Amino acid sequence: EGINDTPEDISNRARGHKANLSNPNTSEKAKEHSREVLESLGGEKAFYGKQG
1 EGINDTPEDI SNRARGHKAN LSNPNTSEKA KEHSREVLES LGGEKAFYGK QG
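Numbering follows UniProt numbering, in which position 5 of the sequence shown is assigned residue number 5; successive positions increment by one, without gaps.
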């Protein structure tokens with residue numbers, strides 16, 4: 001997190017982690033990390049356009 005945490009930036013990070021969860025070549029450890037990051041970003045609310 002930093003100075004460029006616009007809704008679009010957060011959404012892009014969330015999208016990458018969500019894709020990681022669907023990737024069959026991703027290790028369980030990496031998937032767990034992505035779950036944790038998605039949770040810290042706000043879950044489904046992290047995706048731009050889904051606020052409110």
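Idealized CB from N, CA, C, for every residue including glycine.
Computed from a predicted structure; not experimentally measured.
- Here I10 has L41, A46 as same chain residues with Cβ atoms under 7 Å from its own Cβ, once five neighbours each way along the sequence are excluded.
- The C-beta of L21 has fewer than 16 other C-beta atoms within 10 Å across all chains shown, which makes the residue exposed.
- If you keep only unbroken alpha helix (DSSP H) runs of at least 4 residues inside the UniProt region "Disordered" (1-52), you get 7-22, 28-41.
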